[in-house]
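Only one structure is covered here, and it is reproduced in the block below.
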Amino acid sequence: MRKLNITKILTVVCLVGFMAFLPAAGAEEYEYIDISNPFLRKIPTAIPRFKNMSENKKGEVLSVKLADSLSKTLAFTGYFKMLDRGAFLADPRNPDITAARINFRNWTVIGSELLLTGGVAADDDYIELELRMFDTFQEKMIIGKRYKGRESNLRQIIQRFCGEVMFHLTGTRGVFNSRVAFVNAEGGVKEIFISEFDGYNPRQFTTDNDLSLFPAWSSDAKWLAYTSYARGKPDLYIMNIKEKNGAVVTRKGILITPAWVPGKFELAATLSFSGDQEIYLLTGRGKIIKRLTTSRGIDVEPTWSPDGKKMAFVSKRSGTPQIYIKNVVSDRVRRLTFEGRYNTQPNWSPRGHSIVFSTMQLGRIDIYTIGVDGKDLRRLTEDQGDNEAPSWSPDGSLIVFSSNREGISKIYVMTAFGTDQRRLISLPGAQTSPKWSPNITNQ
Amino acid sequence: MIKRNRQHGSSKRSSRAVLVIEMAHERRLIYWAFGISLICHLVFFGAFLVAQKHKPRKFPRQSVINVSLVATPSQAAHSSPVSKKTAPASKAKISKKKETRKKTVKIAPKPEKKTPVVSTSGKPKVSLKKKTFKASKVKKSALKDIEKKVEKTSSERRTSALDRLKTKVEAQEVEKRSEPKATQAQPSSNRAGDGSGQGGRVGELIDIYRIEIAYQIQKNWAFPEQLAGGRRDLQTMLVFKIMPNGEIRDLFFTDRSGNTHFDESAFRAIMKANPVDPHPAAIIRPYVQMGLRFTPEGVK
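Just so you know, the protein sequences line up as chains G and B, in that order.
The opening residue of the first sequence carries number 3 in the working numbering; numbering runs sequentially from there.
The opening residue of the second sequence carries number 3 in the working numbering; numbering runs sequentially from there.
Quick look at the structure:
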C-alpha cells in the first residue's frame, strides 16, 4: 500500500509540475499589440421606431413618439451614441422586435452594439408597451419588459425602462427618478424651483416673493432646506416637500449653505451668531447638536461624504478660501486643495471618491474635480464664461452647474468628465445654485 | 503473560525486519523518484532557458516595427492614431479639457472626419427631408462612391507603403550584412544573414499588417469611461487568427479584466472590424495569428 502511495504521489507531483509549466509556455507564444484608446467613448445604440401592434392611428403616432422619448432619455446619461435612423438597414415600416425575427447582421453591420426595440398597442384608455434590449453581437436579449399604463404614465414607463438599462450597465438605476432644485431669479425676487432630472416640468417651490437661496435635499429627498429672507434676514427653512411645512431656524446673524447628513434627519449649516461664520450640526427640527468648526476665519459650504463620516467645507483659515475635509469621527481636519487661490462650492460625489468644486482664476470661475485624497485634479469647464455651483447626480455620473456662457446665468449639465455640456432648463430669467436630488423612491 | 510477551517480542522483531526490507525498497523507490523528478526539472528549466533565448529576438523586432510604421507616412492620418496617446472624441469637447491633453488629442479627429468629407464633397446640399425620403437611392450611390474610394485609396496606400517598406528592409539587410562581415567569420555570417533576412522581411510585413489590423480594430472600439468604474488597471487580452481573405476566426480571451462591459467592448471591437483587410500579397500563410491587449489607459 505504502509503495503504491509514494509512487502515486510522486507521479502526481511530476504531472502537476508539467501541467503548471505547460500553459505558461503556451502563453509565451503570443505577442500582443496594445490598444489603450477607445475610439468612441459611448456605446453605439440603435432605437428604431416602435412597432404599432394595435394598428390604429394612436399607435402609429406613439410608435415614433415613444421611440424618440426613449432615445432622448437614454442619450441624456451620456453613455450612448444614438445612431441615425436614416442609416438603419431594417425596414422602418415593419420593425422586427423579437430576437427570433431580428436579423442582427443588419445592426452589427452599421456598428450598433445595442439594439432597443419597442412594440406599442394603444386603445382608448390604456397603452401597452413591450420594450426590449438586445446585444447585437451576441444576438441575445438582455432586458425584456412589458408595461401597461395610461398616456400620462408613458414618461414614467420610459424612465423606468431606462433605469433597467442603466442597471444592467452600471449596477445603479441612473438618474431617472431624481430632480433638480435651483434658484430662479426674475423680477427682483429669487424663488426655488424644482424640475425633473432632465429639466422637464419646472415648478415653483417657494412663494415667499423674496430671496430664497441655497436649496439642499435631504438624503430621502423628502425635505428641502434653504435660506430665505422672507422674515427680513437670512434664516434657515427646513421644509417637507410634499406637505410644505417644517421648521424655520432663526438666530442672530446669517444662516446659510445647509447640507443634509446622508441617511439622517440632521444637517450642517453655516451660522454666524458667534460673530464668525462657523459650521454647526443641526437636527431636522433646527436644534443645534454641536459646533463642527472652530477656526478663525469663515467656514462655510459643508458637503458630506456618502457615509456621513467626513465633511468637506470651505475655510479661509489659511488666508484664501480653500477646501478642507473634516473627519467628524476623529475630529481631524486636512486641507484638500492647494492649487489656486479661490476654491469654493465643494460637492462630494455620491460615489465617494471625488469632490467637484469651483475655482476662480484670473477673474474666471471654472469647475474642477479632485480626488478625496487630493490627487487627480481635473478641469471640467474652460473658456465658456463663468461656471459655478456644481452638484453631482445621484449616480455620480453627471454634474449639474450654472453658467453664464450664453449671457445670463442658466443651468447646464455635463458628464463627470466634463463632456456633453448642454443646457438643462429653459426658463426666462436667471437660474443659479442647482442641487441634484437623490433618487426618489416612493413618490 | 510472559509467553504472550515473548510472542509479542518476536512478532515485533519480525515485523521490524520486514520494515527494514520495506524501507530499503522504499529508499530505492525514492531514489528513482528523485532521479525522475531531477530529469523532469532539468527538462523544465532547460525548456525555460531555451524559451528565454528566443525572447530577446522578438523584442527588437517589435521595436523595429514601430520605427518602420512611423516612417510609413503614406498618410499622416493613417499612422497617427496608432500612437498611444490619441484620444478621439468630438473636437469641441476636447478643446475644453486640460492643456496637457490638447497636444495629444488634436491629431485624432482628423481620420474620423476624413472619409465622410470625401464621400459627400461635390454634392449639392440636400435637405434632411429629401435625404430620408429617397433614402435607398442616396444610400446606394453613397455606398458606391465610398466603395470606389476605399478600394482606390486602400489599395494604393497599401501598395505604396509596402513598396517603401520593401526598399527599406532591403536597405537594412544590406547594412546588416555589411556589419557582421567585419567581425565574424565570413561563411557562417553570410548564411545566417540570408536566412534571417528573408524570414525577417516577411516577419516584418506581418508585423506591419498586424499593426494595421490593430488600428482597424481600435477604430471600432467603443467604451464609455464611466463603465470602467474609476478603475484604470483593467486589462483584457484576446487572441485570434486572420485568414488570407481578412476573416477573423478563433477569437478567444487569454485574459479578462473582470469587468464584463470592458471585456465585451473589446470583443465587439474585433467583431465589428471583421472582416479586416486581407493579407498583403507578400504574406503567404494559411493565417496570421494576432494578440491584442486592451487597456483603458487613455480613458480619463
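Don't be surprised by glycine CBs; every beta carbon is placed ideally from N, CA and C.
Since the structure is predicted, the reported quantities are computational estimates derived from the model, not experimental observations.
Query                                                                                                                                                                                                   : Result
Could you tell me which chain B residues have their CB closer than 9 Å to the CB of F139 (chain G), listed as they occur along the chain?                                                               : E266, F269, R270, M273 and K274
Who pairs with L283 (chain G) in a beta bridge, going by DSSP?                                                                                                                                          : G:A270 and G:K292
Please name the residue in G:F419, G:D397 and G:P430 whose C-alpha comes closest to that of G409 (chain G).                                                                                             : G:P430
Return the Cβ separation of P298 (chain B) and F225 (chain B) in integer angstroms, given the expectation that the two are a contact with Cβ distance under 8 Å.                                        : 7 Å
Quick check on DSSP: helix, strand or coil for E303 (chain G)?                                                                                                                                          : strand
What's the C-alpha gap between G373 (chain G) and F296 (chain B)?                                                                                                                                       : 25 Å
Under 9 Å between C-beta atoms, does L117 (chain G) make it to chain B?                                                                                                                                 : no
What are the start and end residues of each continuous beta strand (DSSP E) run of 3 or more residues lying completely inside the stretch 338-412 of chain G, in chain order?                           : 345-350, 356-363, 366-373, 389-394 and 400-405
For the alpha helix (DSSP H) holding G146 (chain G), just list the boundary residues, first then last.                                                                                                  : Premise fails: G146 (chain G) lies in the beta strand (DSSP E), K142 to G151, not in any alpha helix (DSSP H).
Take the Cβ of G80 (chain G) as the centre, count every other Cβ of all protein chains shown within 10 Å, and call the residue buried at 16 or more, exposed below.                                     : buried
Do V177 (chain G) and F199 (chain G) have their beta-carbon atoms positioned less than 9 Å apart in this structure?                                                                                     : yes
Using a Cβ cut-off of 9 Å, pull out every chain B residue sitting near A270 (chain G), in sequence order please.                                                                                        : Those do not exist, as A270 (chain G) stays about 26 Å from chain B at its closest Cβ, beyond 9 Å.
Within 10 Å of its beta-carbon, does K412 (chain G) have 16 or more other beta-carbons around it, so buried, or fewer, so exposed?                                                                      : buried
Is it buried or exposed for E214 (chain B), if we count other Cβ within 10 angstroms and need 16 for buried?                                                                                            : buried
Compare the beta carbon distance of M313 (chain G) and T322 (chain G) with 9 Å and say whether it is the shorter of the two.                                                                            : no
Ordered along the chain, which non-local residues of its own chain (more than five positions away) have a Cβ less than 6 Å from that of R336 (chain G)?                                                 : I327
Take the Cβ of H263 (chain B) as the centre, count every other Cβ of all protein chains shown within 10 Å, and call the residue buried at 16 or more, exposed below.                                    : buried
Do T346 (chain G) and S356 (chain G) come within 9 Å of each other at the CB atom, strictly closer than that value?                                                                                     : no
Return helix, strand or coil for L40 (chain B), following the three-state DSSP convention.                                                                                                              : helix
Tell me whether the stretch 213-225 of chain G and the stretch 178-188 of chain G touch, counting them as touching only if at least three CB pairs, one residue from each stretch, are closer than 8 Å. : yes
With DSSP collapsed to three states, give me the class of G293 (chain B).                                                                                                                               : strand
Any idea if G365 (chain G) is buried or exposed, counting beta-carbon neighbours within 10 angstroms, 16 or more meaning buried?                                                                        : exposed
Whose C-alpha, out of G:T296, G:L68 and G:G420, is nearest the C-alpha of I160 (chain G)?                                                                                                               : G:L68
Do you know whose CA, among G:E280, G:V402 and G:I258, lies nearest R424 (chain G)'s CA?                                                                                                                : G:V402
Taking Cβ-Cβ distances below 8 Å as the criterion, which residues of the stretch 400-422 of chain G are in contact with chain B?                                                                        : T417, A418, F419, G420, T421 and D422
Distance check for L207 (chain B) and P280 (chain B), CA to CA, integer angstroms please.                                                                                                               : 13 Å
Looking at the unbroken beta strand (DSSP E) that takes in Q324 (chain G), where does it start and where does it end?                                                                                   : Q324 to N329
Give me the chain B residues within the contact set of G265 (chain G), using Cβ-Cβ distance strictly less than 8 Å, ordered along the chain.                                                            : Near G265 (chain G) there are no residues of chain B at all, since even the closest Cβ is about 23 Å away, more than 8 Å.
Let me check understanding here. Comparing Cα to Cα, which of G:Y228, G:T119 and G:G299 lies closest to G288 (chain G)?                                                                                 : G:Y228
Which of the three DSSP states, helix, strand or coil, is assigned to L472 (chain G)?                                                                                                                   : Past the boundaries of the shown model lies residue 472 (chain G); chain G is included only from 3 to 445, so the question cannot be answered.
Strictly below 7 Å CB to CB, what residues from chain G border F296 (chain B)?                                                                                                                          : I37
9 Å is my cut-off, CB to CB: does T361 (chain G) come that close to chain D?                                                                                                                            : Checking the listed chains, one finds no chain D in this structure; the protein chains it contains are G and B.
Tell me, please, which residues DSSP counts as bridged to A224 (chain B).                                                                                                                               : G:L42
Say whether chain B places a C-beta atom closer than 9 Å to the C-beta of F163 (chain G).                                                                                                               : no
Can you name the start and end residues of the beta strand (DSSP E) that E198 (chain G) belongs to?                                                                                                     : V191 to E198
Within the 9 Å Cβ cut-off, does K243 (chain B) reach chain G?                                                                                                                                           : no
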